[in-house]
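Engineer: Numbering of the sequence shown is given in this note's numbering, commencing with residue 74 and proceeding in unit increments.
Backbone N, C-alpha and C fix where the C-beta goes; we use that ideal spot for every residue, glycine too.
Pasting a structure below so you can have a look.
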Amino acid sequence: MIDDHPFALCLTHDVDRPYKRFHQALYYTLAERSMDHLRSFFARENPYWQFEEIMALEDDLGVRSAFYFLSEPGPFASGDPLDWVRPDTWIQQLGRYDPTDDDIAAVIRELDDGGWEVGLHGSYHSGDDIERLRQEKEQLEDVLGHSVRGGRQHYLRMNTPETWQIQAELRLEYDSTLGSSTDYGFVYDYGLVKPLSESFTVFPLTLMEQTLPDPASRPQAAWQVCADLVAEARENDAVMTVLWHPRYFNEREFPGYRRLYRRLIEHAQDVGAWIGPPAALLDHLDESTPGTTRSSLAAGTETR
């Protein structure tokens, strides 16, 4: 139990691609057989820019979340010519954005000023490259004006425990990469994980929105998964961490996901959950009464 809260719900958003590109429009058009994805692209809309909508929704509910921003290197950053011709290198460049660009930098500062957490979304190859992750962290911190405390690796791509060791060496306090993009649930137990020491915390990812039944065609099934996870979290004093990518708040292209996110939060509020971003939960646990500490919520020192 977290003070008088039966469980915690941590809200996170990975900012992968805030600008929609043609390859994305084509992919979702073919995958979902819906022309809405191409229509919005050719209408010169920016359907993936959902920051204001998310802030308004969460502000209305009185909650805050974490936004993890990428600071990806360019295709020639490694200096290795073999990297320049690798398909996965160029795939990662499609839709790439720069956190120092005026619009992105402005929204980063707006989020921070408004009480949202801004964290690091480590790029595709950074999980085993301390210098690359250091550069990405420092660039984001330059925009933000202070240090970041944690985040998640892009595509959930990491090596254990090496990635955690790199993150800890860079003085990150937590990571929320441990999880799945194809399934949901409390795979790594119900608490926080301490893989290295008491000073570094892992928030296992409980639910990514894309693992759910489609809330447009199967709304009750999608909601039942969320309700069941909340019930399981409540019964086990759990820390439940969820990921909703910003593009899924675009109701025209991803109908049902925004409403489902709101319903999830409202339901968690109704049953007494603590709700917020991971860094705020760490602070809350540090400030809480004796017996409700980070270590008391830790599942252990090793993952399984």
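So, TYR284 versus TYR247, is the Cβ gap smaller than 7 Å?
Structural biologist: For the sequence presented, residue 284 should be read as Thr rather than Tyr. No; because the gap between Cβ atoms is not below 7 Å, this pair is not in contact.
Engineer: Please report how far the alpha carbon of THR236 lies from the alpha carbon of PRO277, in whole angstroms.
Structural biologist: 14 Å
Engineer: Between which two residues does the beta strand (DSSP E) carrying PHE140 extend?
Structural biologist: 139-142
Engineer: Go ahead and pull the three-state DSSP assignment for GLN212.
Structural biologist: Helix, per DSSP.
Engineer: Put VAL275 into one of helix, strand or coil per three-state DSSP.
Structural biologist: strand
Engineer: Which residue from ALA81, MET313, HIS318 puts its Cα closest to that of THR279?
Structural biologist: MET313
Engineer: Kindly indicate which three-state DSSP category GLY345 falls into: helix, strand or coil?
Structural biologist: coil
Engineer: Determine the direct distance from the alpha carbon of CYS83 to that of ARG225, and round the result to whole angstroms.
Structural biologist: 13 Å
Engineer: Given this structure, state the Cα-to-Cα distance separating LEU337 from ILE348, to the nearest angstrom.
Structural biologist: In this structure, the alpha-carbon of LEU337 lies about 11 Å from that of ILE348.
Engineer: To which residues does DSSP link TYR247 through a beta bridge?
Structural biologist: BP columns for TYR247 point to GLY223, THR274.
Engineer: At which residues does the beta strand (DSSP E) containing ASP87 begin and terminate?
Structural biologist: 81-88
Engineer: Assign THR250 to one of two classes, buried (16 or more other C-beta atoms within 10 Å of its C-beta) or exposed (fewer than that).
Structural biologist: buried
Engineer: Can you have a look at HIS35 and say buried or exposed, based on whether 16 or more other CB atoms are within 10 angstroms of its CB?
Structural biologist: Residue 35 lies beyond the residue range present for the chain, which begins at 74 and ends at 377; the question has no answer from this structure.
Engineer: Would you mind reading off the limits of the alpha helix (DSSP H) that contains VAL191?
Structural biologist: No alpha helix (DSSP H) holds VAL191; the beta strand (DSSP E) holding it covers 190-195.
Engineer: With respect to the alpha helix (DSSP H) encompassing VAL303, which residues constitute its N-terminal and C-terminal limits?
Structural biologist: 292-308
Engineer: Here's the rule I'm using: 16 or more other beta-carbon atoms within 10 Å means buried, otherwise exposed. How should ALA139 be labelled?
Structural biologist: So ALA139 counts as buried.
Engineer: Would you kindly work out how many angstroms separate the C-alpha atoms of LEU99 and GLU271, rounded to a whole number?
Structural biologist: Any reading at LEU99 must be qualified, since the residue scores a pLDDT of 45, below 50, and its modelled position is unreliable; the value itself is stated next. Looking at the two C-alpha atoms, the distance is approximately 46 Å.
Engineer: Pull the bridge partners of MET281 from the DSSP assignment, please.
Structural biologist: LEU316
Engineer: Identify the residues that DSSP records as bridge partners of ILE75: which are they?
Structural biologist: HIS78
Engineer: State the Cα-Cα distance for the pair LEU134 and ILE127, rounded to the nearest angstrom.
Structural biologist: 11 Å
Engineer: Express the C-alpha separation of ILE75 and ARG244 in angstroms, rounding to a whole number.
Structural biologist: Taking C-alpha positions only, ARG244 is separated from ILE75 by approximately 26 Å.
Engineer: Tell me, to the nearest whole angstrom, how far the beta carbon of GLU183 is from that of SER196; I am working on the premise that it is less than 8 Å.
Structural biologist: No, GLU183 and SER196 are not in contact; Cβ-Cβ is about 23 Å, not under 8 Å.
Engineer: Does any CB atom of chain B fall closer than 7 Å to the CB of ASP359?
Structural biologist: As a matter of chain content, chain B is missing from the structure shown, which is built from one protein chain.
Engineer: In terms of residues, what are the limits of the alpha helix (DSSP H) holding THR233?
Structural biologist: Here THR233 belongs to no alpha helix (DSSP H), and DSSP marks it neither H nor E.
Engineer: Tell me the rounded alpha-carbon separation between TYR263 and GLU308.
Structural biologist: Whole-angstrom Cα-Cα distance: 10 Å.
Engineer: Suppose contacts are defined by Cβ-Cβ distances below 7 Å. Is ASN232 in contact with ASP202 by that definition?
Structural biologist: Contact: no.
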